[in-house]
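Per the numbering used here, the sequence shown starts with residue 942, numbered consecutively.
The beta carbon of each residue, even a glycine, is placed where N, CA and C say it ideally should be.
It should be emphasised that the depicted structure is a prediction, and the values quoted were computed from it without experimental measurement.
Shown next, in structure tokens, is the structure this report addresses.
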Amino acid sequence: MIPLMIPDLPTTDDIIPWLHQIDQNKWYSNYGPLSKQFEREIVELLEAENSGAPASGMVSTSSGTSALEVALSAYRLRPGSKVLLPSLTFPATATAVIRCGLIPVFTDVDPNSWVLTPDIAESVIKKCDADVVIPVSAYGVKIPEKPWQQFAHKHQCKVLIDAAGAFPGQVAMEGVDVTYSFHATKCLGIGEGGGIVSVNNAFLDCCREVTNFGFSQGTIHTSGINAKLSEYHAAVGLCQIRRFKSTMLKRIKLRNKYVAGFSQSDNAVVFQEGKTAISPTLFVVSVPNKASACVKRLTEQGIGVRQWYCPPLHRHKAFASYLRNLSLKYGDLSISDYLGESLVGLPFHPFLTDAQITTVVNAVIEVANNKQNNNKQAAPTRAFV
């Protein structure tokens, strides 16, 4: 059996010194000293890994999903405001929008990078007048921030990058905010946690209020939730920051081994284009029109596999009404549908052996090169109606 994912978290011995600090402080939640230190060190790490990035701050949250909800709530939009987001993303991107009383408008993605681009959003926002766009750093690929900053200024809208699995590759700048996830399976996993990064201090102040039910000076100023990060999760986070360089190098080496292995596939296995994640969380490939066959074959061999983000959101029953009433009015979703039949997530964690990687690669290539099941259909070109 080759497991799909194994979290790489600190040992008990690593965490004990931080637990002693919690004992001494007698402070367990509600913006304790460890959570504040965690926020500062995350910002320092972002600045170290992204030279020249604007100075920013962070508000920690209880999860990556709550980070999205808190940020959207802090924008203080009118109920029913529209939010553009790619159909190829994790469902939490859409559920956060809906839970904030907003309306998701699903867009297609670029056929090569698999992400929502400003050009695609441009074709849709003119028709639906959305107030927010949520580009997603799909599978960890970096979203170029400056084009989105220009987009935000042009359309007077908010841009919130959902970088759940892309830490520490995305940075905030004027007009562009970022959310991260620190779930156990992420490259900086702390069990559960998230964060909102922004250069706008007033926005961050509002986010912090939202994480504490909306309280400000003893009264509720805005509708909020309980999304605070506990001191215990912050303790794990501070351990992880000290391990980050070594865990990052392990993940980079692992990805490089996969890429080298698939160089023998005669281009039957396709990689995501775009700037590679600084510290990869997932490894997803396209086996055009053969995802189901690939999943079946790998499962038979005891290899963990998952079709992350597939089917795309517009194929989920929970979002059907939004598709009928909104999304199809503004453009088709053919690329997302095509990728939904092509993308496969492979085992990716620092505990994989070279022999296991070879087994996974050979199994995928066997399916990709199977001429009997080969569907010659190419990726459709994007078209809007």
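Element boundaries [alpha helix (DSSP H), containing residue i]
| i | result |
| --- | --- |
| K1198 | E1172 to F1203 |
| F979 | P974 to E990 |
| G1281 | S1275 to G1281 |
| P958 | T953 to N966 |
| V1065 | P1059 to C1069 |
| V1038 | P1032 to R1040 |
Under the three-state DSSP convention, the category residue i falls into
| i | result |
| --- | --- |
| V1151 | helix |
| F1047 | strand |
| T1002 | strand |
| P1229 | coil |
| N1142 | helix |
| K1099 | strand |
| P1027 | strand |
| T1339 | Outside the shown range of the chain (942 to 1326) lies residue 1339, about which nothing can therefore be said. |
| N1315 | Only weak support is given to the placement of N1315: the predicted model assigns it a pLDDT of 46, under 50, and the question is left unresolved by the model. |
| R1017 | coil |
| G1132 | coil |
| F1092 | helix |
| F1212 | coil |
| V1074 | strand |
| S1268 | helix |
| F1156 | strand |
| I947 | coil |
| V1326 | Legend: pLDDT at V1326 = 27, less than 50; position of this residue unreliable, value from coordinates given subsequently. Looking at V1326 - three-state DSSP - the assignment turns out to be coil, as it is neither helix nor strand. |
| M942 | coil |
Enclosing beta strand (DSSP E) for residue i [first to last residue]
| i | result |
| --- | --- |
| S1233 | Here S1233 belongs to no beta strand (DSSP E); instead the alpha helix (DSSP H) covers A1232 to E1241. |
| V1305 | First-last for V1305: D1295 to A1309, but that is the alpha helix (DSSP H), not the beta strand (DSSP E). |
| T1120 | V1117 to S1122 |
| V1285 | L1284 to G1286 |
Cβ distance (whole Å) where residue i is taken to contact residue j below 8 angstroms
| i | j | result |
| --- | --- | --- |
| N1310 | D1207 | 7 angstroms |
| V1376 | C1235 | Here the chain has residues from 942 to 1326 only, and residue 1376 is not among them. |
| I1102 | Q1091 | That belief does not hold up - the Cβ atoms of I1102 and Q1091 are roughly 14 angstroms apart, past 8 angstroms. |
| P1109 | L1190 | Going by Cβ atoms, the distance from P1109 to L1190 rounds to 14 angstroms, so no, they are not a contact pair. |
| D949 | P1291 | 5 angstroms |
| E1282 | A1232 | 5 angstroms |
| I1161 | E1010 | Their Cβ separation, rounded to whole angstroms, is 17 angstroms, which puts I1161 and E1010 out of contact at 8 angstroms. |
| H1255 | S1275 | H1255 to S1275, Cβ: 11 angstroms. No contact. |
| G1272 | W1249 | Not really, about 23 angstroms apart at Cβ, beyond 8 angstroms. |
| T1058 | A1037 | That belief does not hold up - the Cβ atoms of T1058 and A1037 are roughly 21 angstroms apart, past 8 angstroms. |
| C1180 | P951 | 4 angstroms |
| V1119 | A1104 | 5 angstroms |
8 angstroms Cβ cutoff met for residue i and residue j
| i | j | result |
| --- | --- | --- |
| S1004 | G1155 | no |
| S1014 | L1170 | no |
| L1018 | L1043 | yes |
| C1069 | V1050 | no |
| V1073 | Y1121 | no |
| V1100 | P995 | no |
| F1123 | L1223 | no |
| G1132 | A1125 | yes |
| A1304 | R1238 | yes |
| G1243 | M942 | yes |
| T1342 | A1168 | No answer is possible for residue 1342: the residues shown for the chain start at 942 and end at 1326. |
Residue i Cβ short of 7 angstroms to the ligand FAD heavy atom set
| i | result |
| --- | --- |
| T952 | By its list of ligands, the structure shown contains no ligand whatsoever, and the ligand FAD lies outside what it can speak to. |
Original post:
Is the segment 1070-1089 touching the segment 1208-1226 in the sense that three or more CB pairs, one from each, lie closer than 8 angstroms?
Top reply: Contact between the segment 1208-1226 and the segment 1070-1089 is present: three or more C-beta pairs spanning the two stretches fall below 8 angstroms.
Original post:
Taking three-plus beta-carbon pairs below 8 angstroms as touching, is the segment 989-1009 in contact with the segment 1170-1190?
Top reply: Contact holds: three or more Cβ-Cβ distances are below 8 angstroms.
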